[in-house]
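**Student:** The opening position of the sequence shown corresponds to residue 1 in the numbering used here, with each subsequent residue numbered one higher. Glycine included, each C-beta is placed from N, C-alpha and C at the ideal position. Have a look at this one before I ask anything.
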Amino acid sequence: MPNASSSVLSRCLAVSAAGLLAWHHLHGLAWSIGYREVAGSRPATLRWAAASDTDLEAQYSMGVSLLESEGADDKAKGIQRLRAAADQGHLEAQLQTGMLLLGSGSQDPEAARWAVHYLNLAASQQDARAIYQVGMLFMGGTGVEKDAEKAAAWISSAANKGLPQAQLQMGFCLLGGEGVEKNPEWAFYWFDQAAKNGSVDAMYNLGLMYESGEGVAADKAKARQWLQEAAARGDEESAAVLKTL
1 MPNASSSVLS
11 RCLAVSAAGL
21 LAWHHLHGLA
31 WSIGYREVAG
41 SRPATLRWAA
51 ASDTDLEAQY
61 SMGVSLLESE
71 GADDKAKGIQ
81 RLRAAADQGH
91 LEAQLQTGML
101 LLGSGSQDPE
111 AARWAVHYLN
121 LAASQQDARA
131 IYQVGMLFMG
141 GTGVEKDAEK
151 AAAWISSAAN
161 KGLPQAQLQM
171 GFCLLGGEGV
181 EKNPEWAFYW
191 FDQAAKNGSV
201 DAMYNLGLMY
211 ESGEGVAADK
221 AKARQWLQEA
231 AARGDEESAA
241 VLKTL
């Protein structure tokens, strides 16, 4: 049976390294950030184009539509539309502009700094997704100076707003003492919150913690319950651990 802390923290490294990449996935703009379907036909786009430039929702919708097209010129215009709406306070445009710029930030430090700007704008509107992303920027030092304490503070704020990704990451911070004092009991609490909100990684972590008794009283039955739940959702590590119990 793997050691709970080492196994959970191994998954923490994998999740943290993949976290930004997962949120930066641009194919079809199908991010897990409340993306809504937008009609993609040219007639619809032309109707939107006729809307006033001060109509934020029209600008946002037009930007998304243009980004979904295959032409490089349309994509560039789409980014311009999103940024225009973002600059005028449209929350989703701020969030998506930040994520788009962040996608190229590893090659373009200036783009990363602008990504921080737009994500901060969205975070200032108390959006949990943006608050979490700012925390992850501080965690990785992308566009900002790396700062584990600031990262934990931002992530904690998003976790308290109920965002499962933030709850999971807060569990990792507390279990490893990253940016906060190490506290397995509170790590368990946040993994439990994330698992109840559907996080498979959190379910796996709960299974290990119940099995080892770290941060919670050992309970083999509950360990199996959470590992079975994660395995049922396709988690291969959970299925492998179950065979050892």
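1) With H, G and I counted as helix, E and B as strand and the rest as coil, what does DSSP make of L91?
2) To the nearest angstrom, report how far apart E178 and L67 are at their CA atoms.
3) With distances taken Cα to Cα, identify the nearest neighbour of G89 among D127, R224, Q167.
4) Between R233, G234, A223, which lies nearest to L242 when the distance is taken from Cα to Cα?
5) Less than 8 Å between the beta carbons of Y118 and T97, yes or no?
6) Pull up the distance between the alpha-carbon of N197 and that of G140, whole angstroms please.
7) Can you tell me which of G71, D87, L208, Q133 puts its alpha carbon nearest to the alpha carbon of Q59?
8) Have a look at L206 and W226 and give me their C-alpha separation to the nearest angstrom.
9) Taking only the alpha-carbon atoms, compute the straight-line gap between G213 and E110 and give it to the nearest angstrom.
10) For E236, report the span of its alpha helix (DSSP H) as first-last.
11) Taking 6 Å as the limit between beta carbons, can you name the residues of its chain near L121, skipping five residues before and five after?
12) One question on the structure: do F188 and G215 come within less than 8 Å of each other, judged by their Cβ atoms?
13) Would V134 and W154 be called neighbours here (beta carbons separated by less than 8 Å)?
14) Excluding the 5 residues preceding and the 5 following D192 in the sequence, name in chain order all residues of the same chain whose CB lies nearer than 7 Å to its CB.
15) Please specify which runs of the alpha helix (DSSP H), each continuous and at least 4 residues long, are wholly inside the segment 94-176, giving them in chain order.
16) Could you give the distance in angstroms between the alpha-carbon of D201 and the alpha-carbon of A195?
17) Is L82 buried or exposed, if buried means 16 or more other CB atoms sit within 10 Å of its CB?
18) Under a Cβ-count criterion, where at least 16 other Cβ atoms within 10 Å of its own Cβ denotes burial, should E92 be classed as buried or exposed?
19) With a 10 Å radius around its C-beta and 16 neighbouring C-beta atoms as the bar for buried, classify R233 as buried or exposed.
**Tutor:** So, from the listed chains and residues:
1) Counting from 1 along the sequence shown, the entry for residue 91 is found at position 91. Looking at L91 - three-state DSSP - the assignment turns out to be helix.
2) Walking along the sequence shown from the start, residue 178 turns up at place 178. Walking along the sequence shown from the start, residue 67 turns up at place 67. One C-alpha to the other measures close to 37 Å.
3) Counting from one through the sequence shown, the residue named residue 89 turns up at place 89. Selected option, being the one with the closest Cα: D127.
4) Stepping through the sequence shown from its first residue, residue 242 is reached at position 242. Here the closest residue by C-alpha is A223.
5) Taking the sequence shown and counting its residues from 1, the one referred to as residue 118 is at position 118. Taking the sequence shown and counting its residues from 1, the one referred to as residue 97 is at position 97. In this structure, T97 lies closer than 8 Å to Y118 by Cβ.
6) As a first step, residue 197 must be located in the sequence shown, where it is residue number 197. As a first step, residue 140 must be located in the sequence shown, where it is residue number 140. Between N197 and G140, the C-alpha separation is close to 25 Å.
7) As a first step, residue 59 is located in the sequence shown; it is residue number 59 there, counting from the start. Cα-wise, what sits closest to Q59 is D87.
8) For this step, residue 206 is matched to residue 206 along the sequence shown. For this step, residue 226 is matched to residue 226 along the sequence shown. Each residue's Cα considered, the two are about 7 Å apart.
9) Taking the first residue of the sequence shown as 1, we reach residue 213 at position 213. Taking the first residue of the sequence shown as 1, we reach residue 110 at position 110. Cα to Cα, G213 sits roughly 46 Å from E110.
10) One-based indexing of the sequence shown puts residue 236 at position 236. Where E236 is concerned, the enclosing alpha helix (DSSP H) stretches over 236-242.
11) For this step, residue 121 is matched to residue 121 along the sequence shown. Same-chain partners within the cutoff: Q94.
12) Indexing the sequence shown from 1 puts residue 188 at position 188. Indexing the sequence shown from 1 puts residue 215 at position 215. A contact, by the Cβ cut-off of 8 Å.
13) Translated into positions along the sequence shown, residue 134 becomes position 134. Translated into positions along the sequence shown, residue 154 becomes position 154. It is a contact, given that the beta carbons lie within the stated cut-off.
14) Counting from 1 along the sequence shown, the entry for residue 192 is found at position 192. So the list reads L206, once near-sequence residues are dropped.
15) 109-124, 128-140, 148-160, 164-176
16) On the sequence shown, position 201 is the one that residue 201 refers to. On the sequence shown, position 195 is the one that residue 195 refers to. The alpha-carbon atoms of D201 and A195 are separated by roughly 8 Å.
17) Position 82 of the sequence shown, counted from the start, is the residue given in the question as residue 82. With 16 or more other Cβ atoms within 10 Å, it is buried.
18) Taking the first residue of the sequence shown as position 1, residue 92 is located at position 92. Buried, by the Cβ-count rule.
19) As a working mapping, residue 233 is identified with position 233 in the sequence shown. With fewer than 16 other Cβ atoms within 10 Å, it is exposed.
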